[in-house]
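A.B. asks: In full-length UniProt numbering, the protein residues as written are 1 to 169.
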């Protein structure tokens with residue numbers, strides 16, 4: 001199957017390929033749906049977040065991309081950015097007022113869990129500092145703290161959690 005048979009749009013292809021000017025042009029067309037989903041229920045924002053195309057992610061968000069769009073595996077753009085350690089995009093997504101920081105994918109994993117599992121320290125700490133739960137359990141009864149690979153990161157996450165709690169009071 002080719003990209004179009006899989007439900008990919010020119011916007012998705014351009015977002016995935018990092019073609020900023022093409023994305024900008026496509027978004028100027030009234031008939032382009034920024035939230036179109038392909039056969040895997042992914043949007044252009046999923047691809048920009050996965051590939052660390054921050055400028056494209058910004059353009060998509062400004063055009064109304066759904067920050068919480070979940071694909072067929074329950075993964076949001078935040079799951080994608082966090083698991084890849086794309087901290088700039090994580091920050092951009094968390095700046096959106098309607099972002100759900102503790103969204104769970106089909107396995108029950110949160111973006112913080114995936115960042116910890118993949119050893120993406122900066123993204124994990126930023127998520128924790130912004131209130132992501134360290135203790136939400138997935139379908140295997142594991143939480144983010146269970147998959148942290150170093151005691152140093154564990155300490156940093158606990159400090160970040162304390163910071164987040166202090167900011168709420």
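Note that CB positions come from ideal geometry on N, CA and C, so glycine has one too.
On a predicted model such as this, the values are computed, not experimentally measured, just so you know.
Along the chain, where does the alpha helix (DSSP H) that runs through residue 116 open and close?
C.D. replies: Along the chain shown, one-based indexing puts residue 116 at 116. From DSSP, the alpha helix (DSSP H) with residue 116 extends over 111-117.
A.B. asks: Could you please give the first and the last residue of the uninterrupted alpha helix (DSSP H) stretch that includes residue 35?
C.D. replies: Locating residue 35 in the chain shown gives position 35, counting from the first residue. Segment: none, residue 35 is in no alpha helix (DSSP H) and carries neither H nor E.
A.B. asks: Would DSSP call residue 122 helix, strand or coil?
C.D. replies: Looking up residue 122 in the chain shown gives position 122. Helix at residue 122.
A.B. asks: Entirely within the UniProt repeat "ANK" (40-72) and at least 4 residues each: give me those alpha helix (DSSP H) ranges in chain order.
C.D. replies: The qualifying runs are 44-51 and 54-62.
A.B. asks: Measure from the alpha carbon of residue 109 to the alpha carbon of each residue in 127, 119 and 142, then state which is nearest.
C.D. replies: Taking the chain shown and counting its residues from 1, the one referred to as residue 109 is at position 109. Residue 142 is the option with its Cα nearest to residue 109.
A.B. asks: Would you decide whether residue 135 is buried or exposed? Buried here means 16 or more other CB atoms lie within 10 Å of its CB.
C.D. replies: To locate residue 135, count along the chain shown from 1; it is residue 135. Exposed.
A.B. asks: Mapping DSSP to helix, strand and coil, what is residue 90?
C.D. replies: For the purposes of this step, residue 90 is taken as the residue at position 90 of the chain shown. Residue 90: helix per DSSP, three-state reduction.
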